[in-house]
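Visitor: Numbered per my numbering, the sequence shown spans residues 109 to 507.
Don't be surprised by glycine CBs; every beta carbon is placed ideally from N, CA and C.
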Amino acid sequence: MTASAGPAVARDINTAAVLEVLQSDGPLSQAELVRRTGLARPTVAAIARTLLHHGVAEAAGPDPRSTTGRPGILIAFRPACAVAAVVRLLPHGIDARLVDAGGRTHGTVTVANPEVAATTLPLVAALLRDLADEQHLDRPTSVSLLLAGRLDPVTQCVVGSALDPGPVPLDDVEAALSAPVTVLNPTASAALGVARTGLHRDALVVFVDHGVGVGVVSGGRVLQGATGAVGEVGHSRVTDSDRRCECGRIGCLETVTAGWYIRSRAAELLGADAAGVATAGATVAQLHDLHHPGVDALLDEAAERLGLATSWLVNTLNPASVLLGGTPFVAGAHRFRDVFAGAVRAHSLPSHAEGLLIDLADPTADLDGATAAALDRLTVLGGVPVRRPTGAAARVPQA
Ligand SMILES: [Zn+2]
109 MTASAGPAVA
119 RDINTAAVLE
129 VLQSDGPLSQ
139 AELVRRTGLA
149 RPTVAAIART
159 LLHHGVAEAA
169 GPDPRSTTGR
179 PGILIAFRPA
189 CAVAAVVRLL
199 PHGIDARLVD
209 AGGRTHGTVT
219 VANPEVAATT
229 LPLVAALLRD
239 LADEQHLDRP
249 TSVSLLLAGR
259 LDPVTQCVVG
269 SALDPGPVPL
279 DDVEAALSAP
289 VTVLNPTASA
299 ALGVARTGLH
309 RDALVVFVDH
319 GVGVGVVSGG
329 RVLQGATGAV
339 GEVGHSRVTD
349 SDRRCECGRI
359 GCLETVTAGW
369 YIRSRAAELL
379 GADAAGVATA
389 GATVAQLHDL
399 HHPGVDALLD
409 EAAERLGLAT
419 SWLVNTLNPA
429 SVLLGGTPFV
439 AGAHRFRDVF
449 AGAVRAHSLP
459 SHAEGLLIDL
469 ADPTADLDGA
479 TAAALDRLTV
489 LGGVPVRRPT
499 GAAARVPQA
């Protein structure tokens with residue numbers, strides 16, 4: 109550690125404090141920044157100069173409250189000062205978006221995913237580069253990568269993902285994308301999105317999309333597990349299915365509840381005429397709207413089975429809320445939710461079912477979680493976090 113490390117750390121902490129106030133309450137005058145941060149006037153003046161010089165803040169006109177002498181200027185946080193990216197590797201495509209330091213999305217792009225895994229990272233890098241140029245933004249300096257798979261916390265390798273069937277060192281992923289990368293599976297990301305709303309301190313997020321998983325919010329924090337693989341309930345066995353799962357095993361819960369199963373079975377039931385409707389990314393609500401008795405029975409059965417599986421977790425983890433979905437797949441699927449909720453309540457202990465909130469999750473929960481994770485690691489001025497590193501729990505209101 110150099111002799112100057114102490115003052116540098118203090119300066120960064122002070123700068124972060126000014127940034128936080130500017131983001132929540134700006135534009136503000138320097139006098140107001142002094143009052144709100146409790147920092148010395150010369151300290152605030154020096155920080156303001158630095159922020160303005162590096163484009164982290166910008167002048168926002170004269171201070172209307174200046175009454176004496178030379179009127180001061182108002183200072184505003186400049187959200188475009190730093191850019192994060194959220195990239196989803198979907199079963200059949202890549203979806204990427206840029207988010208400024210204020211959390212606003214600028215530009216999204218979706219491309220068909222070539223199945224050649226080795227080309228995926230260079231393709232993502234090119235997409236992000238083009239998107240930044242198109243939006244006249246800087247290149248992203250923090251990336252959330254949402255994928256089916258996980259980061260092994262011991263080996264620091266991405267495993268079981270579409271990037272490569274084998275382990276891919278996180279270092280290689282970060283080198284390819286020229287930024288720190290946060291790897292999340294969609295279930296964990298949806299749970300993080302739910303946790304960050306501050307509304308759910310103890311919740312199960314029953315993620316249903318192409319696959320099925322359960323994220324656990326406990327005490328306001330998202331459970332990670334020993335190997336970063338919490339939530340794979342979709343690959344627990346049910347005893348009465350002999351279908352082959354996408355994971356290669358027989359009779360997983362996904363073979364009776366997952367989006368991939370629902371869509372393919374609905375296509376079979378609807379026959380050739382309407383197969384396009386069912387197979388081209390239909391949502392549960394759209395399938396219900398077909399008013400096809402066979403499809404309705406399929407959806408009811410899937411919801412019932414998912415509710416039964418969830419009841420085991422309700423009894424085990426004693427959540428206050430169970431939130432279903434997390435992506436557009438079950439958005440607005442009220443009948444599916446009601447059948448699911450009925451099964452959860454019927455099969456859980458009465459003491460655990462009583463007072464339990466069961467509802468649809470926000471359909472953007474997975475994106476919200478990934479965005480929060482990317483913004484958490486966004487820095488300016490060579491290492492000052494844009495957001496203060498407060499844990500989700502700190503912001504959750506106490507009951
Ligand atoms: Zn499976």
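For the alpha helix (DSSP H) that contains Phe437, what are its first and last residues?
Guide: As a position in the sequence shown, residue 437 is number 329, starting the count at 1. Counting along the chain, Phe437 falls outside any alpha helix (DSSP H), and DSSP gives it neither H nor E.
Visitor: Compute the Euclidean distance between the alpha carbons of Ala500 and Leu229, then round it to the nearest angstrom.
Guide: Sequence index remark: in the sequence shown, residue 500 carries index 392 (1-based). Sequence index remark: in the sequence shown, residue 229 carries index 121 (1-based). With a pLDDT of 36 at Ala500, under the threshold of 50, the predicted position of this residue should be treated as unreliable, though the coordinate-derived value follows. Roughly 30 Å separates the two Cα atoms.
Visitor: Three-state secondary structure (DSSP) at Pro524?
Guide: The question about residue 524 has no answer here: the residues shown for the chain are numbered 109 through 507.
Visitor: What is the DSSP secondary structure of Leu235, counted as helix, strand or coil?
Guide: One-based indexing of the sequence shown puts residue 235 at position 127. Helix at Leu235.
Visitor: Given the structure, does Glu340 come close to ligand 1, in the sense that its CB is under 6 Å from one of the ligand's heavy atoms?
Guide: Walking along the sequence shown from the start, residue 340 turns up at place 232. No; taking the cut-off as 6 Å, the Cβ of Glu340 has no heavy atom of ligand 1 nearer than that.
Visitor: Starting from Cys265, follow its DSSP beta bridges and name the residues at the other end.
Guide: Here the question's residue 265 lines up with position 157 in the sequence shown. Beta-bridge pairing links Cys265 to Asp260 and Pro277.
Visitor: Is Arg357 near ligand 1, judged by its Cβ being under 6 Å from some heavy atom?
Guide: Your numbering for residue 357 matches position 249 in the sequence shown. Correct: Arg357 has its Cβ closer than 6 Å to ligand 1.
Visitor: Does the separation of the CB atoms of Thr295 and Gly339 fall below 7 Å?
Guide: The residue labelled residue 295 in the question sits at position 187 within the sequence shown. The residue labelled residue 339 in the question sits at position 231 within the sequence shown. In this structure, Gly339 lies closer than 7 Å to Thr295 by Cβ.
Visitor: Going by CA-CA distance only, name the one from Thr151, Ala116 and Ala184 that's closest to Ser137.
Guide: For the purposes of this step, residue 137 is identified with residue 29 of the sequence shown, where counting begins at 1. Considering only alpha carbons, the answer is Ala184.
Visitor: Which residue's Cα is closest to the Cα of Val164: Leu236, Glu362, Leu130 and Pro199?
Guide: Locating residue 164 in the sequence shown gives position 56, counting from the first residue. Out of Leu236, Glu362, Leu130 and Pro199, Leu130 has the C-alpha closest to the C-alpha of Val164.
Visitor: Rounded to whole angstroms, what's the CA-CA distance from Ala507 to Pro427? Just pull it up for me.
Guide: Looking up residue 507 in the sequence shown gives position 399. Looking up residue 427 in the sequence shown gives position 319. At Ala507, the pLDDT of 30 sits below 50, so the modelled position is not reliable and the matter cannot be decided from this model.
Visitor: Within the continuous alpha helix (DSSP H) that includes Ser419, where are the two ends?
Guide: Translated into positions along the sequence shown, residue 419 becomes position 311. Pro401 to Leu425 is the span of the alpha helix (DSSP H), which, as asked, contains Ser419.
Visitor: Could you compute how far the alpha carbon of Ser344 sits from the alpha carbon of Arg237?
Guide: For this step, residue 344 is matched to residue 236 along the sequence shown. For this step, residue 237 is matched to residue 129 along the sequence shown. Those two C-alpha atoms are separated by around 40 Å.
Visitor: Can you list, in chain order, the residues of its chain with a C-beta nearer than 8 Å to that of Val488? Leave out the 5 residues immediately preceding and following it.
Guide: By one-based count along the sequence shown, residue 488 stands at place 380. Excluding residues within five positions, the ones whose Cβ falls inside 8 Å are Leu127, His162, Val164, Cys189, Ala190, Ala209 and Val494.
Visitor: Just to confirm, are Gly342 and Val320 a CB contact at a threshold of 7 Å?
Guide: Position 234 of the sequence shown holds residue 342. Position 212 of the sequence shown holds residue 320. Contact flag set, yes.
Visitor: Tell me the DSSP secondary structure of Asp348 in three-state form.
Guide: In the sequence shown, the residue the question calls residue 348 occupies position 240. In this structure, Asp348 counts as coil in the three-state DSSP scheme.
Visitor: Short of 8 Å in beta carbon distance, which residues of its chain neighbour Ala284, apart from the five on each side in sequence? Order them along the chain.
Guide: As a first step, residue 284 must be located in the sequence shown, where it is residue number 176. Leu229, Pro230, Val232 and Ala233, listed in sequence order.
Visitor: Sort Pro288, Gly306 and Ala118 by Cα distance to Asp484 and report the nearest one.
Guide: The residue you call residue 484 lines up with position 376 of the sequence shown. Comparing Cα positions, the closest option is Pro288.
Visitor: Since Asp484 is in the alpha helix (DSSP H), which residue starts that stretch and which ends it?
Guide: The residue you call residue 484 lines up with position 376 of the sequence shown. Per DSSP, Asp484 belongs to the alpha helix (DSSP H) from Ala473 to Asp484.
Visitor: Here's the rule: buried if 16 or more other CB atoms are within 10 angstroms of the residue's CB, otherwise exposed. What is His399?
Guide: If you number the sequence shown from 1, residue 399 lands on position 291. Per the 10 Å Cβ criterion, exposed.
Visitor: Taking one C-beta from the region 420 to 439 and one from the region 263 to 271 each time, how about it: are there three or more such pairs within less than 8 Å?
Guide: Short answer: they don't touch.
Visitor: Under the rule that 16 or more other beta-carbon atoms within 10 Å means buried, what is Ser456, buried or exposed?
Guide: Position 348 of the sequence shown, counted from the start, is the residue given in the question as residue 456. The residue in question, Ser456, is buried, as its Cβ has 16 or more Cβ neighbours within 10 Å.
Visitor: Nearest to Ser459 by alpha carbon, out of Phe444, His318, Leu425 and Gly477?
Guide: Locating residue 459 in the sequence shown gives position 351, where the first residue counts as 1. If we check each option's Cα against that of Ser459, Leu425 comes out closest.
Visitor: To which residues of the same chain is Cys360 closer than 8 Å at the C-beta, ignoring the five residues directly before and after it?
Guide: If you number the sequence shown from 1, residue 360 lands on position 252. Excluding sequence neighbours, Cys360 sits near Gly342, His343, Ser344, Arg345, Val346, Ser349 and Cys353.
Visitor: What is the DSSP secondary structure of Cys189, counted as helix, strand or coil?
Guide: On the sequence shown, residue 189 is found 81 positions in, with the first residue counted as 1. If DSSP states are grouped into helix, strand and coil, Cys189 belongs with the helices.
Visitor: Going by alpha carbons, who is nearest to Val403 out of Trp420, Leu432 and Ser372?
Guide: As a working mapping, residue 403 is identified with position 295 in the sequence shown. Taking only the C-alpha atoms, the option nearest Val403 is Ser372.
Visitor: When you compare the CB positions of Ala298 and Gly434, do they come within less than 7 Å of one another, or not?
Guide: Here the question's residue 298 lines up with position 190 in the sequence shown. Here the question's residue 434 lines up with position 326 in the sequence shown. The answer is yes: Cβ separation under 7 Å.
Visitor: Let me make sure I understand the geometry here. Which of Asn221, Arg212, Ala256 and Leu259 has the alpha-carbon closest to that of Gln243?
Guide: Residue mapping note: residue 243 aligns to position 135 of the sequence shown, counting from 1. Comparing Cα positions, the closest option is Arg212.
Visitor: Would the beta-carbon of His318 fall within 7 Å of that of Gly367?
Guide: For the purposes of this step, residue 318 is identified with residue 210 of the sequence shown, where counting begins at 1. For the purposes of this step, residue 367 is identified with residue 259 of the sequence shown, where counting begins at 1. Yes. Within cutoff.
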